[in-house]
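Protein sequence lines correspond, in order, to chains A and B. Sequential numbering from 1 applies to the first sequence in UniProt numbering. Sequential numbering from 1 applies to the second sequence in UniProt numbering.
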Amino acid sequence: MELDSLREAFDRVIEKRASSSAKAQEVIDQIVSEVEQAITKMQMMNTDSMGSADHSSILAELKAKFNELAPLNQLEGCQKELNVALSKYLKLLEKSFSPDISKAYRNVDFEASTINSIIANHFYRQGLFDLGDSFVRECGESDGAHLKLQFQEMYSILEAMQVRNLQCALSWAAKNHDQLLQNGSMLELKLHQLQFVEILTKGSRDEALKYARTHLVPFASLHKAEIQKLMACLLWADRLDQSPYAEFMSSTHWEKLAEELTHQFCSLLGQSSESPLGVAVSAGFQGLPTLLKLTTVMAAKKQEWQAMKQLPVPIDIGPEFQYHSVFVCPVLREQSSDENPPMLMPCGHVVSKQSIMKLSKSSSRPFKCPYCPSEAVASQCKQLHF
Amino acid sequence: MEMAIDTPSPSPSASSAAAGRQTRAAESVRLEHQLLRVPLEALKSTVRTNHRLAEKEIAAVLSSASAAAAAPGGGGGGSGDAAAVDHLTSLVSRLHGLKRKMEEGARAEELQVQRCRARLNRLASASSGDDAEWEELRLKRILVDYMLRMSYYDTAAKLAETSGIQDLVDVDVFLDAKRVIDSLQNKEIAPALAWCAENRSRLKKSKSKLEFFLRLQEFVELVKAKNFMHAIAYARKYLSPWGATHMKELQRVTATLVFRSSTNCAPYKVLFEQNQWDSLVDQFKQEFCKLYGMTLEPLLNIYMQAGLTALKTPFCFDGNCPKEDPLSLPGFRKLAEPLPFSKQHHSKLVCYITKELMDTENPPLVFPNGYVYSTKALDEMAKKNGGKVTCPRTGDICNYTDLVKAYIS
């Protein structure tokens, strides 16, 4: 973007501001020195007692000096240059940015209480409990208390993990053993694995072995390979860092596990691991430029923005925001639906059921795939479920 | 903005995805007008105040010096001499005072310059740093903006401080507004009028009626207090200048003299009601936002609306909307209700198992029963289970080799 030229324009502002401010000081100093000279002259005259008729001439002289200095003009000149720099910068700013991003805003009731409870939940789920409490106090919205308690538990587990204490994490995982298994998560085993390595490097081989017997054995049938590697670690007890298993000691295991724990914890709570507020705002940043262009175009065509039920064009947001499979039939250019589902032809290409009906004249004859030379009959086509 | 693809891209589709991300990032930086505009307006206003002060004081000193020169007997007898010296000495100390004030003013300007600069740098770092961190701080900035507009000052200040983003948010600008808002809520009009006076020329340019409404309210309060003579004098002095442009409103309000505060006559009754003050607060907030080049709606609302519009599809309202979609939550659904649905021109398929996009890199594979999952997911499953794959939705089991590829155009 034009950020470099903006910075240059702003450098001009900085320069002009500095010189304008220096000028003001200089002008004041000039006036002060003139007045002080005049005072000295008067005082000398008084001590000389040369007669005082000349005081008025000193004052007149001072006035003439002032006229010559024209301090106000000096100030004005500098200020003008500063104003020019400022307004050039402002113009560039208006040109480089979308000056009114509220153009695409719909004037609908965007209820503050709903937004407030979304924000309160956001603070709690990010672990910003003080901010959450302070926010709830100020806005008077208070239905986030439930979520707060749950996330407090999660953050206390994560904090303990930060100082390499796995007790809370392990007991949480044990408590939710069945559900974790159902999710296909190996979190519990991984936690025990970390604990085992921790004991092995800090404590003794015996202790580690004892730990393995009680805690790793239950996983043996499902995860033989992992357990074997861990057992091999016992051979290198006091020099694990030089062993083929040194990788077990890497601190990235801790970070990854904290991430996975967050993910699983949220999942068991029925929450997404990303803040939904964060997701909505990020999607907004990506989608708004297109919406702004669209409003401009629609305004030019005098089309109604405020009441439209569906956008006339797609908005390009990143694949990370795609939560639903959308199939658009490439022949009909229509989104598929229960009545018009996607169908797989024997060649592997996919079109909608209605397209196949059209191509096969209501299943009465074989037809050519619109995308390749192969032929198909309607009965060979298979409905797909994404 | 430069394309910052530093590793050779593995495939055309991956590089076009990266390019798409870059363009989107650059486009979203262009939305941040307010971030740069507000500190600039603050700087301009400080510069203006400082300049005006210098001009006024210097002009006063000059005219006072020339007045002394012109005074009859300026240099007359001995007492006159002493007076002339005293006079000039007082001018010197006045100038020293001005110099101090100008130094203070310059410091204030420098702080604002620094703030403008910090924000330019912040935007410049948008495409070069850690995206997740950048987005997190951006969200925090937007939350601070929301809270300031909603007058949740304590939390706003706390969030700004704990995240170290004081230079990127406008807490102090809003504290200025808070003074006026608080006083209006206490039914005091003076600070609001003072604010109008400070910004008179710019308010005039935008044809603001705020001052007029403030004057009307003050008049109504006099009527309410049965202070009729005073009210009439007030109207003559402060309301009549607006007659040329706002005669209708003026007439309506002055008619309250006849109706009194206990009236049941609808058009006049409302003028005496308490919520007139609330509407003054709203009007002030609007003028305030306009003056600083802010959007009238909180940024959060604007971005949320855009985001929810982009995310809104008919599938969001299905029973099995995944929890990662904000629109699976009742609060977001409620906010999205009056917004339009987004539109798709091209197929976008998301793997049921991994939630990842299925494209040419990770093509969709079809079970004999017609259920579709990504190659990545089924590949992994087959490796773990000796070449067998299970459809998680129907429980059907088949060989990996029985799966067929689907081509989606």
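Yeah, the Cβ is synthetic: ideal placement off N, Cα and C, and Gly gets one too.
Buried or exposed: where does residue i fall if 16 or more other Cβ atoms within 10 Å of its Cβ makes it buried?
| i | result |
| --- | --- |
| E32(B) | buried |
| C265(B) | exposed |
| T295(B) | buried |
| E94(A) | exposed |
| P218(A) | exposed |
| H346(B) | exposed |
| S201(B) | exposed |
| L181(A) | exposed |
| L147(A) | buried |
| H394(B) | Note that residue 394(B) is Thr in the sequence shown, not His. Classification of T394(B): exposed, given that the 10 Å Cβ count is below 16. |
| K248(B) | exposed |
| C372(A) | exposed |
| G77(A) | exposed |
Alpha carbon to alpha carbon, how far is residue j from residue i? Give it in angstroms, no decimals.
| i | j | result |
| --- | --- | --- |
| H349(A) | A406(B) | 6 Å |
| Y284(B) | R115(B) | Sequence inspection shows Phe at residue 284(B); the Tyr mentioned does not correspond to that position. If I take the Cα positions, the gap works out to 25 Å. |
| E320(A) | P330(B) | 21 Å |
| S243(A) | P314(A) | 55 Å |
| S240(B) | A233(B) | 10 Å |
| L43(B) | Q112(B) | 6 Å |
| L222(A) | L189(A) | 10 Å |
| P366(A) | S355(A) | 13 Å |
| I101(A) | A382(B) | 50 Å |
| G319(B) | K301(A) | 38 Å |
| C398(B) | I157(A) | 41 Å |
| F288(B) | N275(B) | 20 Å |
| G75(B) | S63(B) | Reliability fails at G75(B), whose pLDDT of 43 lies under 50, so the model's placement of it is uncertain and no value is given. |
| H177(A) | T214(A) | 16 Å |
| F110(A) | N73(A) | 53 Å |
| V372(B) | D402(B) | 13 Å |
| S183(B) | F272(B) | 18 Å |
| E159(A) | E255(A) | 12 Å |
From this set, the options, which residue's C-alpha is nearest residue i's C-alpha?
| i | options | result |
| --- | --- | --- |
| V92(B) | V61(B), K348(B), K101(B), E103(B) | V61(B) |
| L194(A) | D206(A), L216(A), V136(A) | L216(A) |
| A258(A) | P71(A), C168(A), Y323(A), C369(A) | C168(A) |
| K205(B) | E273(B), I408(B), K290(B) | K290(B) |
| Y268(B) | V281(B), F315(B), T254(B) | T254(B) |
| Q161(A) | C329(A), L261(A), S337(A), T295(A) | Here residue 161(A) turns out to be Met, not Gln, going by the sequence shown. The residue with the shortest Cα to Cα distance from M161(A) is L261(A). |
| L234(A) | E2(A), E207(A), T214(A) | E207(A) |
| G127(A) | L120(B), G105(B), T162(B), V144(B) | T162(B) |
| V350(B) | E361(B), S342(B), F341(B) | E361(B) |
| E138(A) | F151(A), M44(A), I119(A), L332(A) | I119(A) |
| G307(B) | F386(A), T296(A), Q322(A) | Q322(A) |
| F212(B) | P191(B), L184(B), H246(B), A54(B) | H246(B) |
| G370(B) | L384(A), E68(A), D4(A) | L384(A) |
Under the three-state reduction of DSSP, which class applies to residue i: helix, strand or coil?
| i | result |
| --- | --- |
| F367(A) | strand |
| Q276(B) | helix |
| A376(A) | strand |
| G77(B) | Unreliable positioning characterises G77(B) in this predicted model, as indicated by a pLDDT of 45, which lies under 50. The coordinate reading is nonetheless provided below. Three-state result, G77(B): coil. |
| residue 430(B) | Residue 430(B) cannot be examined here, being either before or after the span of chain B that is shown, 1 to 409. |
| Q335(A) | strand |
| M3(B) | Any answer about M3(B) is weak, because its pLDDT of 40 lies below 50 and its placement is not dependable; what the coordinates show is given next. M3(B): coil per DSSP, three-state reduction. |
| L31(B) | coil |
| F207(B) | Looking at the sequence shown, residue 207(B) is not Phe but Lys. It is coil, neither helix nor strand. |
| S19(A) | helix |
| L111(B) | helix |
| F97(A) | coil |
| K382(A) | strand |
| F327(A) | coil |
| M308(A) | coil |
| S45(B) | helix |
| L250(B) | helix |
| M45(A) | helix |
| V313(A) | coil |
| P364(B) | strand |
Given the structure, does residue i come close to the ligand MG, in the sense that its CB is under 7 Å from one of the ligand's heavy atoms?
| i | result |
| --- | --- |
| M186(A) | This structure lacks the ligand MG, and indeed carries no ligand of any kind. |
Counting contacts by CB-CB distance shorter than 8 Å, is residue i in contact with chain D?
| i | result |
| --- | --- |
| C289(B) | Considering every chain present, this structure includes no chain D. Its protein chains are A and B. |
Where in the segment 381 to 406 of chain B do unbroken runs of the beta strand (DSSP E), each at least 3 residues long, occur, reported from the N-terminal end onward?
Those beta strand (DSSP E) runs which fall completely within the segment 381 to 406 of chain B and span 3+ residues are 388 to 390, 397 to 399.
Unbroken stretches of the alpha helix (DSSP H), 4 residues or longer, contained in the segment 219 to 302 of chain A:
Fully enclosed alpha helix (DSSP H) runs of no fewer than 4 residues occupy 224 to 233, 252 to 269, 276 to 300 of the segment 219 to 302 of chain A, in order along the chain.
Curious, which full-length alpha helix (DSSP H) runs of at least 4 residues does the segment 99 to 167 of chain A contain?
Complete alpha helix (DSSP H) runs here, min 4: 112 to 125, 129 to 139, 145 to 162.
Within the segment 166 to 223 of chain B, note down every full alpha helix (DSSP H) run reaching 4 residues or more, in order along the chain.
List check, alpha helix (DSSP H) in window: 171 to 185, 190 to 198, 200 to 205.
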